[in-house]
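Okay, so the sequence shown: first residue is 47 according to my numbering, each after it adds one.
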Amino acid sequence: MKPTENHQIPAIGLDFGTSRIVAARPGDPAPQFESQLNAFISVPFSRMTEKVLREQGVPYVAAGAELFVHGNESARFADLLNAEIRRPMTRGFLNPGEPESVKLIEAITRLLAGKVDKKQKVWFSVPAAPAGAGENLIYHEASLKQMLDDMGFEAHSINEGLAVVYGELEATNYTGIGISCGGGLCNVCMAYLSVPILTFAIPKAGDYIDSSAAAVTGERANRLRLLKEESFFLNGHYPGKLQHVLGLYYDDMIRALVQGMKEAFEQARNMPKLPRPIPLVLSGGSALPKGFRDRFEKILNESGFPVPLSEIRLAAEPLVTTAKGALVAALSDL
Ligand SMILES: Nc1ncnc2c1ncn2[C@@H]1O[C@H](COP(=O)(O)OP(=O)(O)O)[C@@H](O)[C@H]1O
Ligand SMILES: [Mg+2]
């Protein structure tokens, strides 16, 4: 489906992740997904460069003395030009070190959304605020909503963990625990009959694993990220030192996640009396390595987690679960 055909579509789900922006649209028989890297690189402005980019169909925005190449093409250009990739978001929120962040997210969103029909509904994911970062969430959410409204959408936000519940737990009437482990954050939501009862996030996820492993091994974080994405198994037997170190920080992330869940659930005051055990679903790019589900289950079982679970499973398509849930929310709002 081409983005320009989008104008007949009444609703879209958008996942604004630290690493990638994912769009979900209704489709027959299943929703359609598209993603772009939430990243850009800067090249010096010249009329010649601009002409070449335009002719090659490479997406860019001009800003003063710079041209920003954004989305998936930014990775190719970073390689070609040996330039550093920059990110409009960091740790789940708009990157305060990038003043043009909203402009770039808008440009990347346009690649995915195409032409916007008046009052087309879009539901977009926002993280829960990690402890002490509540103000960031207010600014992040308001800026993205304003951006989408200005593009012509009718925009609503949805908590990322709740979107995972909407995307995966229709069978239990949206009762259960949804978890998304991405680049910047792990987000958790427990919902009861579609109502969010408890949401939170921890600031340890894929980027934390890469940068921590890089710091102690002297390797570049990007090399570790590629190793992790291409050939890493979480099975306790590691073929080399780098895998071993990645395994250590993976364990650390899972323990922090489980500890956060345990404390949040023990302290929750409005917990409904659950008539039966509830399901838990894991999603996000950081849930992809083989063995992740088993490792998570083992650490959770050892922790004394207080809520009885009927199952712990991986989402059907972990990279698009949040966008799918945002679309489910958007469609229920028509
Ligand atoms: N196959 C994989 N194995 C391990 N980690 C992966 C894999 N694919 C992506 N990741 C990691 O997942 C994270 C991004 O997850 P994603 O859900 O796309 O993130 P975000 O919500 O931050 O945009 C990154 O840290 C990336 O390195
Ligand atoms: Mg995400």
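Ideal placement from N, C-alpha and C gives every residue a C-beta, glycine not left out. Just so you know, these numbers come straight off a predicted model, no measurement behind them.
Asked: Tell me where the alpha helix (DSSP H) around Gln102 begins and ends.; Found: Arg93 to Gln102
Asked: Met135 bridges to which residues according to DSSP?; Found: Leu140
Asked: Alpha carbon to alpha carbon, what distance is there between Gly63 and Asn155?; Found: It should be noted that the sequence gives Thr, not Asn, for residue 155. Those two C-alpha atoms are separated by around 12 Å.
Asked: In terms of residues, what are the limits of the alpha helix (DSSP H) holding Val262?; Found: Gly252 to Thr263
Asked: Once the 5 residues before and after Ser378 are set aside, which same chain residues still bring their CB inside 6 Å of it?; Found: none
Asked: Look at the Cβ atom of Gly337, then the Cβ atom of Asn281, and state whether they are nearer than 8 Å.; Found: yes
Asked: Please report how far the alpha carbon of Arg301 lies from the alpha carbon of Arg341, in whole angstroms.; Found: 10 Å
Asked: What's the call for Val241, buried or exposed, on a 16-neighbour Cβ count within 10 Å?; Found: exposed
Asked: For ligand 2, I want to know if Thr221 counts as a neighbour, meaning its beta carbon is within less than 7 Å of at least one of the ligand's heavy atoms.; Found: no
Asked: Whole alpha helix (DSSP H) runs in the region 124 to 202 with 4 or more residues, listed along the chain?; Found: 147 to 159 and 180 to 197
Asked: Taking Leu360 and Gly59 to be in contact with their CB atoms under 8 Å, please state how far apart those CB atoms are, rounded to whole angstroms.; Found: With a Cβ gap of about 20 Å, Leu360 and Gly59 do not count as contacting.
Asked: What number of angstroms, rounded off, separates the C-alpha of Ile204 from the C-alpha of Met94?; Found: 43 Å
Asked: Determine contact between the region 128 to 144 and the region 91 to 109, defined as no fewer than three beta-carbon pairs at a distance below 8 Å.; Found: no
Asked: Look up Ala109 in the DSSP assignment and give the residues it is bridged to.; Found: Glu112
Asked: If you reduce the DSSP assignment to three classes, tell me which class His53 lands in.; Found: Confidence at His53 is low in this model, with a pLDDT of 49, below 50, so its placement is unreliable and no value can be given for it.
Asked: According to DSSP, is Ala121 part of a helix, a strand, or is it coil?; Found: helix
Asked: When we look at the beta-carbon of Tyr238 and count the other beta-carbons within 10 Å, is it buried (16 or more) or exposed?; Found: buried
Asked: Helix, strand or coil for Asp298? Go by DSSP, reduced to three states.; Found: helix
Asked: Is DSSP giving Val366 helix, strand or coil here?; Found: coil
Asked: Give the DSSP-derived three-state secondary structure of Thr64 in the structure shown.; Found: coil
Asked: Taking only three categories from DSSP, how would you classify Phe338?; Found: helix
Asked: Got a sec: does ligand 1 put a non-hydrogen atom nearer than 7 Å to the Cβ of Arg271?; Found: yes
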